[in-house]
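Report on the following structure.
Protein chains: 2
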Amino acid sequence: MAPPAALPVEARGLTDTSPITLPGPILATSSHTHAVFGVPDVQPHRECCPPLPRGVAAFASSEMFKSPANKAKPKARRWDARLSRESAARKKSSLKGAAAYLKIPGIISLGGGLPSPEYFPFESVSVRVPVAPAFTEDETGHTGATLSTGRYDVRQGASVYDLSIAMNYGQATGAAQLLRFVTEHTEIVHAPRYADWECCLTTGSTSALEMAMRMFLEPGDWILTEEYTFSSALETAGPLGARVCGVGMDGEGLLPKELDRVLSDWDAEKRGRKPVLLYTVPTGQNPTGATQSLARRKAVMEVCERHDLLVIEDDPYFFLQMEEYVSPEERGLGEVNGTTSATTNGTAATNGHRGGQHPATLSPKFKPTSVHAFLSALTPSLLSLDPHGRVLRLDSFSKIIAPGSRTGWITAPAQLIERFVRHSEVSTQNPSGLSQVVLFKLLDEEWGHEGFLQWLMFIRAEYSRRRDVIVAAAERHLPRHLCIWNPVRAGMFFWIRIDWRRHPLAATLGPGGEPRCGPPPSALEIEERIFHTAIANGVLCSRGSWFRAQKGSDSEVFLRLTFAAASEEQIVEGVGRLADAVRREFELD
Amino acid sequence: MAPPAALPVEARGLTDTSPITLPGPILATSSHTHAVFGVPDVQPHRECCPPLPRGVAAFASSEMFKSPANKAKPKARRWDARLSRESAARKKSSLKGAAAYLKIPGIISLGGGLPSPEYFPFESVSVRVPVAPAFTEDETGHTGATLSTGRYDVRQGASVYDLSIAMNYGQATGAAQLLRFVTEHTEIVHAPRYADWECCLTTGSTSALEMAMRMFLEPGDWILTEEYTFSSALETAGPLGARVCGVGMDGEGLLPKELDRVLSDWDAEKRGRKPVLLYTVPTGQNPTGATQSLARRKAVMEVCERHDLLVIEDDPYFFLQMEEYVSPEERGLGEVNGTTSATTNGTAATNGHRGGQHPATLSPKFKPTSVHAFLSALTPSLLSLDPHGRVLRLDSFSKIIAPGSRTGWITAPAQLIERFVRHSEVSTQNPSGLSQVVLFKLLDEEWGHEGFLQWLMFIRAEYSRRRDVIVAAAERHLPRHLCIWNPVRAGMFFWIRIDWRRHPLAATLGPGGEPRCGPPPSALEIEERIFHTAIANGVLCSRGSWFRAQKGSDSEVFLRLTFAAASEEQIVEGVGRLADAVRREFELD
């Protein structure tokens, strides 16, 4: 097996092919000064706040839950001129507006058509969940807790949230109970720099992304994205009549100088209105796995500032930031010698083998000593670097709790949240009440912020191990002269470039040295062959072209592999099958 | 108290003020021949079907679950030319398309980024629910059942659905498990007349309505609605750039001859493209409470046929169809004499008093002897009268299970469902997995179709009683020469016209007989006064103008009261407070 010293540091074949300097491990380079509002501040702050609204469809806003420190910050800019006609045209709902009168003591409402909770066929709901920090399935079996919600827990003084509220209609911001937790979490983790930021629950980032796009894009408008981007974002933008302009990337994702070049050279007469919106996945980008370093993020924000872009920060993998991959060989034998090695941020990590079939694939497991150390080590979000409120940040529970919750949240200036809420009122309304009440029970009543962050540390460690498995399998099995990959330091995706020009069909001469007849195949055709040969060999990958911002402009072949879904054994087997397929395609055997 | 013999049979002040003939009680006039596919057919049919798909994000379609009888029917028309640019532009998702390869035995997927279920922090979910037919809260406390779902129930053979599936990503149609139930239910209840109808789960009808509008409307297009309509529908259409054309109604809702007149007289040059879409709430219309009779529905569909309209049938109150209201006086003393009276459809109903404070407000309780009798007595939906697939029917669990489920379904031709699914994939994705699995456990595993229909009978009886309470309170308290109301035979709403021209301020002469200075107040101003006087008197109602399709064109004053939310005592008290407010406004005391 080839020594792993010459790890490829960029995804060649992307626009910028000049060498880049990789920063040290992400967890060691962050210089972000974290929130003055920390986990220990939550409880004292709650005690100073007015009581949590707990009526049916009670109005709530992040303003009720933010720390007083926010008041001293400057306000976000106004974006009135940026709103699409559709978004600007949204009016307040008369019916929802009338809910304000419900605050009058003793008033009887014959107004809103809210069904009576006695007709909800649910007396109680219980979930069995892990107790922090014993998070594994096995541990949950032994030490898990059962969290129950009754129909009238609030009336009975048992909780601040119950089924009579959760199962009825609610406000588009989401229930006050969960909105409070999400607002506090956002302040703890991202500490926005301007005063009037707010959160609003969403029915997942897929839905929130579409709503955010509709907020700014008119038919014919351009939206900027990474050159390879989340295919669903492309499929969302297309039907809105938006055109997608892909911006060059390297191993650290979006290239600020490319972004600047595209915008500075923009020929509005030829192409139409200069883009006003950037869609970016800064952490563990889908599909390339690239993660913007802090320096990169600052440079990106500077260009956005210069060209006055609004930014959709789609960041479901934020908490899945990992240590840099270290190959088993570089690491030595770890547990066998009983050694521990200090990581660069000063916490101790044991090279522990996890038993099972792949002892050689384990990297030093980063075990931050506290949630504070964990948070301090994360490369900060674009939201937290944004003084003017130009970032709409999308968070999602899908990758860190479960996709089936169909719950996430958006953070942005109050002005934009208000528009978002107006849209939610006539579309998604709010996430499922069952999802909200179960998330509230788990996150707020059981785990609290400390427990939730510990859970995120657990999830991150699990995905790190899976990442180690796939990279080690790739190192072991894939033909290195044909397959080049990015270092993966966040998320769920492993992105491989295949040097398709070495494919036998791409050669100008046939196998007998005779000149080929007809045009040589394109990158897309070779990609298709490899994709199908892999399937025939028993492994399904995603084709790079599915993620190409400018459809049909592919000059390189990529495959996206995920290490999120399959078991570790299957990941190793799957990579092996892919390697066989590549060898067969390239006639290596 | 005035004798109730002269019940007003129409909401005067609506466009058509000519007298209308009311049909007999809805439950007696239905001539709809119901489905050949009945509740007893479900189990044998399931046994002939291929096994239910039960993988993560497994593809499913109503086609898998419909009875063979559908195959013999003619296909729906094609609507290609009717699709908006946005809808027509939707492409299949590459990633979702790749899921087809997952059917290959033994294939390992490194394709889709589906998180591994071991990282969902939910070992099991349980709900405590009523067991049919003991549906009340009290009964549930004694005889309720606890339904539990584990993480790996499918693998363990305990169920066909579990948390490892429900909490992961899913198909936009909704999970096969719940889609099957909803498809069967739709066939049992509506028996669509064309072959290629399908269902797709939605995240509630608010969301589905917006998506359906986007499927057909371009900015500037007109949409037809009832003259007074669900305010949220107006607030949805507006920002899309659609213009709303309200069509005259009477006590039975939409007037076919008015619909025909509007369309026949349409001046496309002056107004723009002739409307191609009708939005209607045929049962217990919001806000007027009007219910289209079968004859009315047939006439409406005939006009839609003639002018080739597509129809959005928003029908959340379908199962809340009631007997005609009979005043306590007309009914006699019922239980006191121990008499029973036969209803017109031949089943026996007892005039039973329910104890408590309002024995005089109870109407004969329609107690169908079977779910078959219940279904046969319901006025059929527009969907079931539609031979060509021009109706998109929206069903919702909000009014019959709980709004917090954020789950409903749409039924339409396969062509339109396919477009709807494409849109869902890049927006709502699918309802919450928690909602889906809890609904599945309740509806499919616990109640079955029979139990669900019994539940609907229960809910309907409960709302009938509440309707009786509000109408009796109105008869008792409201000044009859000023307040005119529709008979309410479905839904949740009680619609009152106030004869505002008798308001002292509307008089041309002042209290002393002197001529008034300045212009007389408008209907809207009087409405506002009454609204605020009612609030000052401790009762919140909804203003009719909020529901006016053509904003600002109000020439009458209406109030909408709901009998869904408040307790029966509060309803009576609330109507009394409203009566006092009206008296005060009109200086009656």
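Protein sequence lines, in the order shown, are assigned to chains A and B. Count along the first sequence from 1, then add 704; that gives the number in my numbering. Count along the second sequence from 1, then add 704; that gives the number in my numbering. No residue lacks a Cβ here, since even glycine has one placed at the ideal position from N, Cα and C.
So what does residue i bridge to, in DSSP terms?
{"i": "residue 1112 of chain B", "result": "B:906, B:1100"}
{"i": "residue 1073 of chain B", "result": "DSSP output for residue 1073 of chain B lists no bridge partner at all."}
{"i": "residue 1262 of chain B", "result": "B:1201"}
{"i": "residue 928 of chain A", "result": "A:949, A:982"}
{"i": "residue 849 of chain A", "result": "A:833"}
{"i": "residue 1179 of chain A", "result": "DSSP output for residue 1179 of chain A lists no bridge partner at all."}
{"i": "residue 1246 of chain B", "result": "B:1264"}
{"i": "residue 1187 of chain B", "result": "B:1202"}
{"i": "residue 838 of chain B", "result": "B:835"}
{"i": "residue 1095 of chain B", "result": "B:1015"}
{"i": "residue 1252 of chain A", "result": "A:932"}
{"i": "residue 954 of chain B", "result": "B:957"}
{"i": "residue 1025 of chain B", "result": "B:1194"}
Who are the Cβ neighbours of residue i in its own chain at under 6 Å, not counting the five residues just before and after it?
{"i": "residue 1109 of chain A", "result": "1101, 1139"}
{"i": "residue 844 of chain B", "result": "834"}
{"i": "residue 963 of chain A", "result": "951, 1007"}
{"i": "residue 1283 of chain B", "result": "1181, 1182"}
{"i": "residue 1099 of chain B", "result": "1112, 1113"}
{"i": "residue 791 of chain B", "result": "919, 1123"}
For a quick check, are the C-beta atoms of residue i and residue j less than 8 Å apart?
{"i": "residue 1272 of chain B", "j": "residue 1142 of chain B", "result": "no"}
{"i": "residue 951 of chain B", "j": "residue 981 of chain B", "result": "no"}
{"i": "residue 1261 of chain B", "j": "residue 1201 of chain B", "result": "yes"}
{"i": "residue 1017 of chain A", "j": "residue 986 of chain A", "result": "yes"}
{"i": "residue 793 of chain B", "j": "residue 943 of chain A", "result": "yes"}
{"i": "residue 993 of chain A", "j": "residue 1198 of chain A", "result": "yes"}
{"i": "residue 1193 of chain A", "j": "residue 1267 of chain A", "result": "no"}
{"i": "residue 876 of chain B", "j": "residue 869 of chain B", "result": "no"}
{"i": "residue 1124 of chain B", "j": "residue 904 of chain B", "result": "yes"}
{"i": "residue 1209 of chain B", "j": "residue 1225 of chain B", "result": "yes"}
{"i": "residue 831 of chain A", "j": "residue 829 of chain B", "result": "yes"}
{"i": "residue 1129 of chain B", "j": "residue 797 of chain B", "result": "yes"}
{"i": "residue 761 of chain A", "j": "residue 874 of chain A", "result": "yes"}
{"i": "residue 1264 of chain B", "j": "residue 979 of chain B", "result": "no"}
{"i": "residue 1154 of chain B", "j": "residue 1075 of chain B", "result": "yes"}
Residue i: buried (16+ other C-beta within 10 angstroms of its C-beta) or exposed?
{"i": "residue 1211 of chain B", "result": "exposed"}
{"i": "residue 847 of chain B", "result": "exposed"}
{"i": "residue 969 of chain B", "result": "exposed"}
{"i": "residue 752 of chain B", "result": "exposed"}
{"i": "residue 808 of chain A", "result": "exposed"}
{"i": "residue 1291 of chain A", "result": "exposed"}
{"i": "residue 1259 of chain A", "result": "exposed"}
{"i": "residue 1146 of chain B", "result": "buried"}
{"i": "residue 850 of chain B", "result": "exposed"}
{"i": "residue 861 of chain B", "result": "exposed"}
Under 7 Å Cβ to Cβ from residue i, same chain only, skipping five residues before and after it: list those, please.
{"i": "residue 815 of chain B", "result": "802"}
{"i": "residue 765 of chain A", "result": "877, 902"}
{"i": "residue 839 of chain B", "result": "1159, 1162"}
{"i": "residue 1278 of chain A", "result": "1243, 1270"}
{"i": "residue 1072 of chain B", "result": "1051, 1078, 1081, 1161"}
{"i": "residue 1029 of chain A", "result": "1067, 1171, 1172, 1175, 1191, 1192"}
Only counting the same chain, and skipping five residues up and downstream in sequence, which positions put a Cβ closer than 8 Å to that of residue i?
{"i": "residue 1160 of chain A", "result": "1023, 1078, 1104"}
{"i": "residue 781 of chain B", "result": "1092, 1093, 1094, 1117"}
{"i": "residue 789 of chain B", "result": "922"}
{"i": "residue 1252 of chain B", "result": "931, 932, 950, 1258"}
Cβ contact (3+ pairs, closer than 8 Å) linking the stretch 890-904 of chain B and the stretch 1079-1092 of chain B: yes
Segment contact, 8 Å Cβ cut-off, at least three pairs: the stretch 804-815 of chain A with the stretch 1239-1259 of chain B: yes
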